[in-house]
Amino acid sequence: MKKVIATNAAPGAIGPYSQAIDTGSMVFASGQIPINPATGEIPEGITAQTEQAIANVKAILAEAGLTVDNVVKTTVFLADMSLFGPMNEVYAANFTAPYPARSAVAVRELPKQVLVEIEVIAVR
Numbered sequence: 108m109k110k111v112i113a114t115n116a117a118p119g120a121i122g123p124y125s126q127a128i129d130t131g132s133m134v135f136a137s138g139q140i141p142i143n144p145a146t147g148e149i150p151e152g153i154t155a156q157t158e159q160a161i162a163n164v165k166a167i168l169a170e171a172g173l174t175v176d177n178v179v180k181t182t183v184f185l186a187d188m189s190l191f192g193p194m195n196e197v198y199a200a201n202f203t204a205p206y207p208a209r210s211a212v213a214v215r216e217l218p219k220q221v222l223v224e225i226e227v228i229a230v231r
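Numbering (this note's numbering), first residue to last: 108 to 231.
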């Protein structure tokens with residue numbers, strides 16, 4: 108079984124991909140950049156951008172009937188590793204123990220020149 112998860116409470120896909128795919132036991136969410144779905148605006152700074160990216164992740168999980176407590180793996184893409192500390196503070200405020208497994212990497216560039224993108228895998 109493969110079901111598309113889509114919500115207007117998170118930015119729509121800007122390419123040939125789904126916001127998330129639900130396999131029944133697992134949900135694979137595409138990377139979320141910090142676009143406010145109501146306004147299309149991107150907030151300034153890594154703290155606000157991380158908050159918005161996580162809000163978008165939460166909206167997609169909610170559409171699938173899940174929360175961040177269901178997340179088992181995250182991948183955080185950063186425009187620069189110097190942003191890790193402030194991103195990590197926001198991240199820590201939104202996830203609780205036992206924390207998901209996580210990878211955090213710096214990449215050359217992210218869509219729309221944002222500072223952070225976050226993808227998750229969640230289980231039922």
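Each residue gets a CB set at the ideal place from its N, CA and C atoms; glycine is no exception.
Contact annotation: the stretch 123-134 touches the stretch 168-176, with at least three C-beta pairs closer than 8 Å. The way I'd put it, the stretch 201-211 doesn't touch the stretch 136-153; fewer than three beta-carbon pairs between them come closer than 8 Å.
Apart from the 5 residues on each side of it in sequence, L217 sits with its Cβ closer than 7 Å to the Cβ of I140, F184, A186 and E224 in its chain, given in chain order. Within the stretch 138-213, the complete beta strand (DSSP E) runs of at least 3 residues fall at 178-185 and 208-213.
In the three-state scheme derived from DSSP, where H, G and I count as helix and E and B as strand, K219 is classed as helix. For E226 against T154, the beta-carbon gap comes to about 20 Å, at or over 8 Å, which does not count as contact. It is roughly 18 Å from the alpha-carbon of V164 to the alpha-carbon of G122. In the structure shown, the three-state DSSP call for A136 is strand. In terms of CA proximity to M188, V212 leads the group I161, V134, I228 and V212. According to the DSSP assignment, A127 belongs to the beta strand (DSSP E) that extends over A127 to D129.
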